[in-house]
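Here is the structure we will look at.
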DNA sequence: TGTGGTCTACTGGCCAGACCAGTACGTTAT
DNA sequence: ATAACGTACTGGTCTGGCCAGTAGACCACA
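Chains as they are written, first to last, in my numbering: chain A, 1 to 259; chain B, 1 to 259.
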């Protein structure tokens, strides 16, 4: 005979659950407004601090947006990958999860995303991928401006990120899209705070050209509908991208995902 | 010249950020205790409702556990995949994300997890996988008890879930592990509420034996270190598992991930 | 030597009431 | 028509308070 611990549900949790259930079951849609806090304390028979705590939780988890003074009440928001990014970031900074695992996970996701993108026959999505790849080559060619290496590096990261984002979007899987986005952003955050990205100008330029070339070949494989080739190319590209930033031991973990 | 919108950060968000930063930067570890609320309102120069709102958010996101009356204050918790499950579940129930996408994502993750598990040379982890596979065959053989189909179905799901969980653990990637766990649980939740799982006894028995057999062959491929074979077997197994539960159109989306 | 009970000084959970800054929206002045 | 203004709300925050629950020390008892 097994007993289970007596469940003590806080009153604010009940409110959160009820509202989340309302969204889950289709009674509340993004864009809808919730009643005001003073109204909610009546319907739930609790005090204002309690409903406020519930609203704060919903606000912090991206379910709802509140603005002081708005008589229409809190607004139900659509889902955002950012909601996944928070806990992901937390996990990566927890003891035991390393940056190498993050990169391995990214390699894995991008590979599968490229495969699915190649398998899908969505021409407009593929055109968007090609456009982002062109952005990259453009940036590589006009690198001789009056910009500092830090500025170029920042723009490089953004354009490259957009390219991968387009691929994920073309995969047609929102979970893959959101997770990949979250991992991507978590990784750039780590990179940004890890070191000032003080790369030498020539090295940065070389990286940029290399990435632009890689993006072009990957785009071609996706357009051709070559699923296996797209997957392999994508993983190889990311491997190349991180090759000289990781220790040999860390690189070892990436190898099996490429073959 | 670009301006950025003046960031209005609520005071509770500042507290949450500071505490999360403390965890992120290693000043706070799981098991540590936070000061009491009355102490916190001094250190942050805010009132108690404000620090309470912050604590509620941290509590709701699984960062912290609070118990009334505990003089030691709130406890910092270790990370849990459940923290990912929440937003994942929300996304799947949002309009636009289908169950088919969830299954596609699962197929993708399990395939890569099996590949990595085969690549890793962690004998104890592989033994744990084998043990879970044996649990499955055991269940398949002693199916003739006095149990109802609902009970068997429940136990089936649990044992099978443990098997996959062992594989994910063997992959050595905590992100893959947590994400896979979250997707798995989200999927069982959907399945449970979708229909009462009222499968006929003989059909259920056949499914069970099929899964047991599949698990055995997958385990063998992982033990042999056959990365490509493990990936292929895992994806085939999951495809087979969902074959007669999805529409042809939905199955089509899974096909490219198998080859 | 433990075992269970009691006491105490806290804790967090929740509430009532209040003030302020901000917002939407109708009204007025131009 | 348009711009400025009022008003009647909103959420954000604070003060102060009561209650139930917990840990930990103490104590009586077997």
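Ideal Cβ placement from N, Cα and C applies to all residues, glycine included. Keep in mind it's a predicted model, so treat the numbers as computed, not measured.
Original post:
In chain order, what residues of the same chain lie with their CB nearer than 7 Å to the CB of residue 217 of chain A, ignoring the 5 residues before and after it?
Top reply: 233
Original post:
How would you call residue 81 of chain B, buried or exposed, if buried means at least 16 neighbouring beta carbons within 10 angstroms?
Top reply: buried
Original post:
What does residue 33 of chain B pair with, by DSSP beta-bridge criteria?
Top reply: B:75
Original post:
By a C-beta neighbour count over all protein chains shown, 10 Å radius and 16 as the cutoff for buried, is residue 109 of chain B buried or exposed?
Top reply: buried
Subject >> Residues in the region 92-105 of chain A having any Cβ partner in chain B nearer than 8 Å >> reply: 92, 93, 94, 95, 96, 97, 101, 102, 104, 105
**OP:** Check whether the region 66-76 of chain B touches the region 33-49 of chain B, taking contact to mean three or more Cβ pairs, one atom from each stretch, closer than 8 Å.
**Re:** yes
Subject >> residue 162 of chain B, enclosing alpha helix (DSSP H) - first and last residue >> reply: 149-170
Original post:
Closest by CA to residue 160 of chain A, which one among A:182, A:151, A:212, A:148?
Top reply: A:212
Subject >> Local Cβ density within 10 Å of residue 18 of chain B, reported as buried at 16 or more and exposed below that >> reply: exposed
**OP:** Would you please state the rounded distance, in angstroms, between the beta carbons of residue 104 of chain A and residue 253 of chain A? I believe it to be under 8 Å.
**Re:** 5 Å
Subject >> Identity of the residues DSSP links to residue 65 of chain B by a beta bridge >> reply: B:75
Subject >> Coarse secondary structure for residue 184 of chain A, derived from DSSP in three states >> reply: helix
Subject >> Residue environment, residue 29 of chain A, which counts as buried when at least 16 other CB atoms sit within 10 Å >> reply: exposed
Original post:
Exposed or buried, which one is residue 202 of chain B when buried takes at least 16 other CB atoms within 10 Å?
Top reply: exposed
**OP:** Using a threshold of 9 Å, state whether the C-beta atoms of residue 175 of chain A and residue 257 of chain B are closer than that.
**Re:** no
Original post:
Got a sec: is the Cβ-Cβ distance from residue 174 of chain B to anything in chain A below 9 Å?
Top reply: yes
**OP:** Kindly confirm or deny that the region 133-140 of chain A and the region 175-192 of chain A touch, where touching means at least three C-beta pairs closer than 8 Å.
**Re:** no
Subject >> Neighbour flag for residue 140 of chain A against chain B, beta carbons, 9 Å >> reply: no
Subject >> Three-state class that DSSP yields for residue 255 of chain A in the structure shown >> reply: helix
**OP:** For the region 6-16 of chain A and the region 47-61 of chain A, state whether three or more C-beta atom pairs, one from each stretch, are separated by less than 8 Å.
**Re:** yes
Subject >> Which listed residue (A:225, A:27, A:230) has its alpha carbon closest to that of residue 215 of chain A >> reply: A:230
Original post:
So which of A:41, A:47, A:87 has the shortest CA-CA distance to residue 60 of chain A?
Top reply: A:87
Original post:
In chain order, what residues of the region 47-60 of chain B put their CB closer than 7 Å to some CB of chain A?
Top reply: 49, 52, 53, 56, 57, 60
**OP:** Quick one: using the 10 Å Cβ neighbour count with 16 as the cut-off for buried, is residue 221 of chain A buried or exposed?
**Re:** buried
**OP:** Determine the burial state of residue 3 of chain A: buried for a count of at least 16 other Cβ atoms within 10 Å of its Cβ, exposed for fewer.
**Re:** exposed
Subject >> Range of the contiguous alpha helix (DSSP H) that encloses residue 49 of chain B >> reply: 48-60
Original post:
CB-CB under 6 Å to residue 46 of chain B, same chain, minus the five flanking residues each way: which ones, in chain order?
Top reply: 11
Original post:
Does the distance from the CB of residue 189 of chain B to the CB of residue 119 of chain B come in under 9 Å?
Top reply: no
Subject >> Backbone CA spacing between residue 21 of chain B and residue 48 of chain B [nearest angstrom] >> reply: 21 Å
Original post:
If you follow the alpha helix (DSSP H) that residue 234 of chain B is part of, which residue opens it and which one closes it?
Top reply: 227-242
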